[in-house]
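Counting from 1, position 366 in the sequence shown corresponds to residue 366 in the UniProt record's numbering; the numbering is continuous, with no gaps.
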Amino acid sequence: MLKRIRNRLEKADNIERSSYLWNMINAMLSAGESPVMTLVLTRSQGVYDAGVFSIAYAVAALMLYVGQYGFRKFQSSDIREKYSFAEYYGIRIITCVVMMLAALGYCLYGTVCLGYDFQKFIVILLVNALKCVQAFTDVVHGRMQQMGRLDVATKSSSFRYLMEMISFSATYLVTRNLVSAILMCVIVSVVVAGFTSMNVATDFCALRPEFNMRRMWMMMEEGFPLFLSLFLNMYLSNAPKYAIDAYLTEEIQAMYNIIFMPAFVVQLVVHFIFNPILTSYAEIWAKGEIQRFKKAIRKQMVLVLGLTVLGLAVAATIGIPVLSWIFRMNLAGHRKELIIVMLGGGMLAYSVFFNTVITIVRMHRTLIYSYGAAALAAFTLSGVFVRNYGMLGATVLYTTIMTILTIILGMILFIRIRKESRRIV
Numbered sequence: 001m002l003k004r005i006r007n008r009l010e011k012a013d014n015i016e017r018s019s020y021l022w023n024m025i026n027a028m029l030s031a032g033e034s035p036v037m038t039l040v041l042t043r044s045q046g047v048y049d050a051g052v053f054s055i056a057y058a059v060a061a062l063m064l065y066v067g068q069y070g071f072r073k074f075q076s077s078d079i080r081e082k083y084s085f086a087e088y089y090g091i092r093i094i095t096c097v098v099m100m101l102a103a104l105g106y107c108l109y110g111t112v113c114l115g116y117d118f119q120k121f122i123v124i125l126l127v128n129a130l131k132c133v134q135a136f137t138d139v140v141h142g143r144m145q146q147m148g149r150l151d152v153a154t155k156s157s158s159f160r161y162l163m164e165m166i167s168f169s170a171t172y173l174v175t176r177n178l179v180s181a182i183l184m185c186v187i188v189s190v191v192v193a194g195f196t197s198m199n200v201a202t203d204f205c206a207l208r209p210e211f212n213m214r215r216m217w218m219m220m221e222e223g224f225p226l227f228l229s230l231f232l233n234m235y236l237s238n239a240p241k242y243a244i245d246a247y248l249t250e251e252i253q254a255m256y257n258i259i260f261m262p263a264f265v266v267q268l269v270v271h272f273i274f275n276p277i278l279t280s281y282a283e284i285w286a287k288g289e290i291q292r293f294k295k296a297i298r299k300q301m302v303l304v305l306g307l308t309v310l311g312l313a314v315a316a317t318i319g320i321p322v323l324s325w326i327f328r329m330n331l332a333g334h335r336k337e338l339i340i341v342m343l344g345g346g347m348l349a350y351s352v353f354f355n356t357v358i359t360i361v362r363m364h365r366t367l368i369y370s371y372g373a374a375a376l377a378a379f380t381l382s383g384v385f386v387r388n389y390g391m392l393g394a395t396v397l398y399t400t401i402m403t404i405l406t407i408i409l410g411m412i413l414f415i416r417i418r419k420e421s422r423r424i425v
């Protein structure tokens, strides 16, 4: 049976076309997981549970970057294999353990300082366990992409996302218990990952980790700027949620989470368009084809701009009525907040794109300063904005921080490409 599953996942008439298609499906399922689960909660009159789930997912999304340590993009673009898969695999085991310890630490902090009850403690810990499965399988998916089989990786993770959503939804609708739903979701995720990602990985690599302390330290040191930038980027994206968790109610948290969801649409499209050509961008840069590289970047920037404008138009017209109907929650009076957060979503898409390109040109050490400055601003302003202006303050805070970050990253990339152009000439 395991062999039949591997053959099914690896079958493709056209690998490039299959990679684009399945990467798109995977990105949609990944981005849709939180909205679907929230939808099930709100339409089942579980608005309070939706608020608890929202902050749990925000914390888990942050901790996910501890588990991944920012190595996916680095690993996928490591076309000369500076580090072996065994080394990537070994370090991923360690980072996943650290991820769960960090999640436990956050839960204890929430209990002592923010007054979390036992249910909220367990929910946050379980959602982190769910994301830990994603972090662990990500290392073998990176190997598949590195070997030109992104389609196999995305098929595996797509099926896992789908089964997670089905198991969560079915369990909650039957039990009306958030802890039971997430626990079942984690169990199903582990089982599906074993039959798909870890099963098919044996055709691409030997699942034997290597723990060479000197090499691991080199990897940790080289990957730290990228990890920190991605970690801080997720913190910036969710800073309003953390502030709402500290100052406002679970119901407002659920409402903000729904308003915030459409902002990820633009970023989602960027991911499924750009991720399949990540390796090819690295090859263009390695060959010194700067004009071709700049043309490719401009093309992506225009695409993001167009998608952002489209998103703003939808938000200003039918956004609120549609969201209110879908999630069975009265969002009337929050059109302004939706427009503001959609603009922030466009800025987020640009920042993620610039981050990726900066990684390809190996200027990722500069990312620490960019994200550090934006994170300092977020930490300083979060309480003031959210405590004084509620959800409107949260959306303004988000968009302001993302705009600042995008400007800084764009300047770094522009300077790097300009410098390389002069060097080649």
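Note that beta-carbon positions come from the ideal geometry of N, C-alpha and C, so glycine has one too.
Please read these numbers as outputs of a predicted model, since none were measured by experiment.
Chain-order list of residues whose beta-carbon lies under 8 Å from that of residue i (same chain, five-residue window excluded)
{"i": "Thr399", "result": "Ile340, Val341, Leu343, Gly344, Met347"}
{"i": "Cys107", "result": "Tyr116, Phe121, Ile124, Leu125"}
{"i": "Ser324", "result": "Asn330, Leu331, Ala332"}
{"i": "Met220", "result": "Tyr69, Ile91"}
{"i": "Thr396", "result": "Strictly speaking, residue 396 in this sequence is Val, with Thr absent from that position. Ile340, Phe385, Tyr389, listed in sequence order."}
Within 8 Å, strictly: CB atoms of residue i and residue j
{"i": "Val200", "j": "Val152", "result": "yes"}
{"i": "Leu367", "j": "Ser229", "result": "yes"}
{"i": "Ala12", "j": "Leu236", "result": "no"}
{"i": "Met329", "j": "Met255", "result": "yes"}
{"i": "Arg149", "j": "Ile15", "result": "yes"}
{"i": "Thr359", "j": "Lys73", "result": "yes"}
{"i": "Tyr371", "j": "Asn233", "result": "yes"}
{"i": "Leu125", "j": "Cys185", "result": "no"}
{"i": "Ile55", "j": "Lys241", "result": "yes"}
{"i": "Ala102", "j": "Met165", "result": "no"}
{"i": "Val179", "j": "Gln253", "result": "no"}
{"i": "Ile320", "j": "Leu338", "result": "yes"}
{"i": "Val304", "j": "Ala246", "result": "no"}
{"i": "Ile401", "j": "Ala374", "result": "yes"}
{"i": "Thr137", "j": "Ser44", "result": "no"}
Where residue i sits in the DSSP three-state scheme
{"i": "Thr249", "result": "coil"}
{"i": "Gln119", "result": "helix"}
{"i": "His334", "result": "coil"}
{"i": "Ala363", "result": "Note that residue 363 corresponds to Met in the displayed sequence, not to Ala. Here Met363 sits in coil by DSSP."}
{"i": "Ser189", "result": "helix"}
{"i": "Asp13", "result": "coil"}
{"i": "Arg176", "result": "coil"}
{"i": "Phe378", "result": "Phe is not the amino acid found at residue 378; the sequence shown has Ala there. Ala378: helix per DSSP, three-state reduction."}
{"i": "Leu413", "result": "helix"}
{"i": "Lys295", "result": "helix"}
{"i": "Glu33", "result": "helix"}
{"i": "Met329", "result": "coil"}
{"i": "Gly346", "result": "helix"}
{"i": "Asn388", "result": "helix"}
{"i": "Ser84", "result": "coil"}
{"i": "Phe227", "result": "helix"}
{"i": "Glu221", "result": "helix"}
{"i": "Gln45", "result": "coil"}
{"i": "Thr196", "result": "coil"}
{"i": "Glu420", "result": "helix"}
{"i": "Glu283", "result": "helix"}
{"i": "residue 435", "result": "Absent from the model: residue 435. The displayed extent of the chain is 1 to 425, so no value can be given."}
{"i": "Met255", "result": "helix"}
{"i": "Phe204", "result": "coil"}
{"i": "Met100", "result": "helix"}
{"i": "Met216", "result": "helix"}
Best match in the options for proximity to residue i [C-alpha to C-alpha]
{"i": "Arg6", "options": "Ser156, Ala394, Ala263, Asn330", "result": "Ser156"}
{"i": "Gly393", "options": "Thr359, Asn23, Ala373, Lys336", "result": "Lys336"}
{"i": "Arg416", "options": "Met363, Arg208, Arg43, Leu207", "result": "Met363"}
{"i": "Thr356", "options": "Gly311, Glu289, Phe227", "result": "Phe227"}
{"i": "Glu250", "options": "Leu323, Glu10, Leu104, Ala50", "result": "Ala50"}
{"i": "Phe231", "options": "Asn212, Val36, Val352", "result": "Val352"}
{"i": "Glu222", "options": "Pro209, Asp138, Ile91, Arg208", "result": "Ile91"}
{"i": "Val190", "options": "Ser169, Val127, Pro209, Ile320", "result": "Val127"}
{"i": "Met1", "options": "Leu183, Phe195, Val47, Ile187", "result": "Phe195"}
{"i": "Thr202", "options": "Leu9, Met216, Ala58", "result": "Leu9"}
{"i": "Ala313", "options": "Pro262, Glu283, Gly46", "result": "Pro262"}
{"i": "Asn257", "options": "Tyr20, Pro35, Leu21, Ser19", "result": "Pro35"}
{"i": "Thr175", "options": "Tyr281, Asn388, Val40, Thr395", "result": "Val40"}
Close-in-space but distant-in-sequence residues of the same chain around residue i (CB under 6 Å, 5 per side omitted)
{"i": "Asn26", "result": "Thr154, Ser157, Ser158"}
{"i": "Gly410", "result": "Phe354"}
{"i": "Val384", "result": "none"}
{"i": "Gly110", "result": "Tyr116"}
{"i": "Val188", "result": "Met163, Ser167"}
{"i": "Ile408", "result": "Ser370"}
Contact set for residue i: own chain, Cβ-Cβ below 7 Å, skip 5 residues either direction
{"i": "Val192", "result": "Phe159, Arg160, Met163"}
{"i": "Phe260", "result": "Val341"}
Proximity test, residue i beta-carbon vs the ligand COA heavy atom, cut-off 7 Å
{"i": "Gln145", "result": "The ligand COA is absent from the structure shown, which contains no ligands of any kind."}
### Task
Pick out the complete alpha helix (DSSP H) segments inside the segment 56-82, 4 residues or longer, and give them in chain order.
Complete alpha helix (DSSP H) runs here, min 4: 71-76.
#### Entry: alpha helix (DSSP H) segments (min. 4 residues) lying fully within the segment 112-166
Fully enclosed alpha helix (DSSP H) runs of 4 or longer: 118-146.
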